[in-house]
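Please read the structure below before turning to the comments.
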Amino acid sequence: MIASTWRDVIARIDDLSIDAYSCFSGLPVSGLERVLIAHEDDWRDDDDRVPAPAADLGMTDCITKGDLAQILASLSQQDPNAPSDVALRAIAYYLENDAFVTLSADESPDVSDHLSSRSDD
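Residues 38 to 158 in our numbering are what the sequence shown lists, from first letter to last.
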């Protein structure tokens with residue numbers, strides 16, 4: 038397992054192996070929250086939501102590299118120059134709602150004003 042932060046995970050998403058999981062204990066806010074990068078071989082048969090070593094360090098959930106890449110790709114299609122704080126909010130939105138964000142047409146400086154739900158049905 039590798040210790041990292043949300044900002045590092047976003048910046049290095051293409052460098053993560055296909056079987057990488059980002060394990061975390063809370064939604065990204067500042068981007069400096071701790072994330073542990075795990076791989077499939079870190080999991081034991083009796084592990085539940087996170088590998089035991091990550092759980093021992095307080096991690097409570099994981100997201101796959103594939104899911105993170107899709108979140109960032111969806112955001113990039115809407116705004117190729119979206120700042121990292123918008124990417125963090127897009128990840129948090131996905132984790133809370135199991136849906137991608139849609140940036141609004143108006144360009145309000147408040148990031149939270151840019152986020153609205155998008156149905157994936």
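C-beta atoms are modelled at their ideal positions from N, C-alpha and C, and glycine is treated no differently. Treat the numbers as computed from the prediction; the structure is a model and nothing was measured.
Contacting residues, own chain, Cβ-Cβ under 8 Å from TRP80 (five flanking each side not counted):
Counted from its first residue, the sequence shown places residue 80 at position 43. So the qualifying residues of the chain are PRO88.
Just the C-alpha distance for ILE108 and ASP78, rounded to the nearest angstrom, thanks.
As a working note, residue 108 is residue 71 in the sequence shown. As a working note, residue 78 is residue 41 in the sequence shown. Going by the C-alpha atoms only, they are around 25 Å apart.
I'd like to check one pair, ASP98 with LEU69: are the Cβ atoms closer than 9 Å?
Residue numbering aside, residue 69 sits at position 32 when the sequence shown is read from its first letter. Residue numbering aside, residue 98 sits at position 61 when the sequence shown is read from its first letter. Taking 9 Å as the Cβ cut-off, LEU69 and ASP98 do not qualify as a contacting pair.
Any idea if ARG86 is buried or exposed, counting beta-carbon neighbours within 10 angstroms, 16 or more meaning buried?
One-based indexing of the sequence shown puts residue 86 at position 49. Under this definition ARG86 is an exposed residue.
Sort ARG71, GLY63, LEU112 and ILE47 by Cα distance to PHE137 and report the nearest one.
Working through the sequence shown from its first residue, we reach residue 137 at position 100. The shortest C-alpha separation from PHE137 is found at LEU112.
Which whole-angstrom value is the C-beta distance of ARG44 and SER121, which I expect to be below 8 Å?
In the sequence shown, residue 44 corresponds to position 7, counting from 1. In the sequence shown, residue 121 corresponds to position 84, counting from 1. The Cβ separation is near 6 Å, so the contact holds.
Please check the pair LEU64 and ALA129, which I expect to be a contact at CB under 8 Å, by giving their CB distance rounded to whole angstroms.
Reading the sequence shown from its first residue, position 27 is the one you call residue 64. Reading the sequence shown from its first residue, position 92 is the one you call residue 129. Sure, about 4 Å apart at Cβ, within 8 Å.
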